[in-house]
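Reviewing the structure listed below.
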Amino acid sequence: MDETSDLILLKQHIVMRATYGKHFGEISLWIFSCGRKFCFSKFNIEFVQMLIKKARPKTLKRYGASTACLFIIFLWAIGWTDYIFEKSFSKFKWPPYINVREQVLLELNGQPSSYLYENDWAYFEPLHIPACEIIKKMNKFLLIIVKSSPLHFFKRQTIRVTWGSVLNHSEFTIRTIFVIGRESFSQKNEQLQEEINSHKDILVGDYIDSYRNNTLKFLSAVQFSFNYCYQQYTVPYALFVDDDYLVLMRNLIAEVKKYDTHDPLYMGWRFDTRPFRTRFHKHRVSIATYPFNRYPAYISAGAVLLSSQTIREMYYAIQHTRLYSYDDIYAGILAKLLKLSVKHNKNMHFWKAEIGIEEAKTLICAHGFEGERLNLVYNELRIKKIL
Numbered sequence: 001m002d003e004t005s006d007l008i009l010l011k012q013h014i015v016m017r018a019t020y021g022k023h024f025g026e027i028s029l030w031i032f033s034c035g036r037k038f039c040f041s042k043f044n045i046e047f048v049q050m051l052i053k054k055a056r057p058k059t060l061k062r063y064g065a066s067t068a069c070l071f072i073i074f075l076w077a078i079g080w081t082d083y084i085f086e087k088s089f090s091k092f093k094w095p096p097y098i099n100v101r102e103q104v105l106l107e108l109n110g111q112p113s114s115y116l117y118e119n120d121w122a123y124f125e126p127l128h129i130p131a132c133e134i135i136k137k138m139n140k141f142l143l144i145i146v147k148s149s150p151l152h153f154f155k156r157q158t159i160r161v162t163w164g165s166v167l168n169h170s171e172f173t174i175r176t177i178f179v180i181g182r183e184s185f186s187q188k189n190e191q192l193q194e195e196i197n198s199h200k201d202i203l204v205g206d207y208i209d210s211y212r213n214n215t216l217k218f219l220s221a222v223q224f225s226f227n228y229c230y231q232q233y234t235v236p237y238a239l240f241v242d243d244d245y246l247v248l249m250r251n252l253i254a255e256v257k258k259y260d261t262h263d264p265l266y267m268g269w270r271f272d273t274r275p276f277r278t279r280f281h282k283h284r285v286s287i288a289t290y291p292f293n294r295y296p297a298y299i300s301a302g303a304v305l306l307s308s309q310t311i312r313e314m315y316y317a318i319q320h321t322r323l324y325s326y327d328d329i330y331a332g333i334l335a336k337l338l339k340l341s342v343k344h345n346k347n348m349h350f351w352k353a354e355i356g357i358e359e360a361k362t363l364i365c366a367h368g369f370e371g372e373r374l375n376l377v378y379n380e381l382r383i384k385k386i387l
């Protein structure tokens, strides 16, 4: 992107003052006052290096304190000061700093936990659950929980008439539901309530629907999967997926069949990343929030395949693991504490893709399909009889 004229002019003024030694102390103030637009988007390392080369030795000596101030402000603006204080991931631990795996094993064996809960499930009761259906062959049952938002009416309806309409495949019973949070002060609450009553396939959590509350949606999905329809029964398999995904049931069921319900299955598109420290990044994470230099391995929240064993372990682990604002990373933290293997599946795409006949033979799911595009692609695959 080309620099705007005002930013170019600002750089010229800075270079001039550095070169001639006039009002050098003002530079840091100017850079700071220009704020996010300049410091984050335009002001980079190369420019700082050029500024030093331009500056006269006498100027640097005379205005050394100002130069240092300039660098500190710059490093703070881009978040580099946080990198200095990061802890090595080898020292990873998470509040409340107990042996989560040990507590989970106690509860799996019907014994009480040794500690008070960090998150008590009694405080996470849903506002509304979908209509319950008794499944005769529960060992061959796949529950798909689609993470949606209250106003995504068209996305949900498109899923219902495309891949969400598949109820049985290869002896498996499949049920697709949607999880949302509360919608506040909306004129479409009546429309939403009508949809809930009509389709009976929406799980509503008792929290405001927002991006930062996606972890609470993850908790709602785990809770409902663990105690399916309050029947004290954990579903054999569950897929948590976003409402802008295409899912091909044939390939999904084929993948599910490879695993027993007692296998610790946590599968999808695997990431190994580090926190964003840049101060003006929308996903910026402070040292106080997350002090380590990288995240545990995790599966993209867009599509996560879980077995009954993993659902149960995560359900109990959540009680002893402080929440984190990003749902996929929180699941990765749980997996780390539980010592679960994070299985990468190249056929569970997290990016937008073009789906041809060859790709459809192995593709399980892909991101970037919503509304008309989902409808169009799904119908093309149905006509070609490759679903």
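With the UniProt record's numbering as the guide, the letters of the sequence shown map in order to residues 1 to 387.
Note that the Cβ used here is the ideal one computed from N, Cα and C, for glycine as well.
In this text the structure is predicted, and so the values were computed from the model without any measurement.
Test item: CB-CB of Tyr330 and Thr215 under 7 Å: yes
Closest residue to Gln309 among Val204, Pro291, Leu108, Arg373 (Cα-Cα distance): Leu108
Simplified DSSP state of Gly302, which is helix, strand or coil: strand
Nearest candidate by alpha-carbon position, reference Lys346, set Asp263, Leu338, Glu359, Asp327: Glu359
Close beta carbons around Tyr259, own chain, < 7 Å, minus the five adjacent residues each side: Leu265, Ser307
Helix, strand or coil at Gly332 [DSSP, three-state]: Residue state for Gly332 is assigned as helix, using DSSP reduced to three classes.
Cβ pair count under 8 Å reaching 3, the segment 237-249 against the segment 366-386: Yes: at least three Cβ pairs fall under 8 Å.
Integer-rounded CB distance, given that Asp328 should sit under 8 Å from Tyr298: Indeed they touch by this definition, with Cβ atoms about 5 Å apart.
Cys132 versus Ser165: straight-line alpha-carbon distance, rounded: 17 Å
Closest Cα partner of Lys200 within the set His169, Gln157, Ser184: Gln157
Neighbour-count burial assignment, Ile357, 16 or more Cβ in a 10 Å radius: exposed
Where Asp244 falls: helix, strand or coil (DSSP): coil
Close Cβ partners of Val377 (< 7 Å) along its chain, the five nearest in sequence each way excluded: Leu246, Ile355, Phe369
Strand pairing of Gly268, partner residues [DSSP]: In DSSP, Gly268 forms a bridge with Val304, His344.
Among Ile196, Leu167, Lys217, Tyr326, the one whose alpha carbon lies nearest that of residue 464: Any answer about residue 464 is impossible in this case: the structure gives the chain only from 1 up to 387.
Under the three-state DSSP convention, the category Ile202 falls into: strand
Counterpart residues of Phe141 in DSSP-defined beta bridges: Thr173
Limits of the alpha helix (DSSP H) - the one that Ala254 falls within: 249-256
Pairwise C-alpha distance: Phe240 and Ala301: The straight-line gap from Cα to Cα measures roughly 8 Å.
For Phe292: DSSP bridge partner residues: Lys87
For Tyr237, the residue or residues it bridges with in DSSP: Leu142, Ser307
Proximity of Val179 and Lys147 at Cβ, strictly below 7 Å: The criterion of a C-beta distance shorter than 7 Å is satisfied by Val179 and Lys147.
Member of Pro130, Leu219, Ile287, Ala317 whose CA lies at the smallest distance from the CA of Ser198: If we check each option's Cα against that of Ser198, Pro130 comes out closest.
Rounded separation between Ile177 and Val204 - CA only: Roughly 11 Å between the two C-alpha positions.
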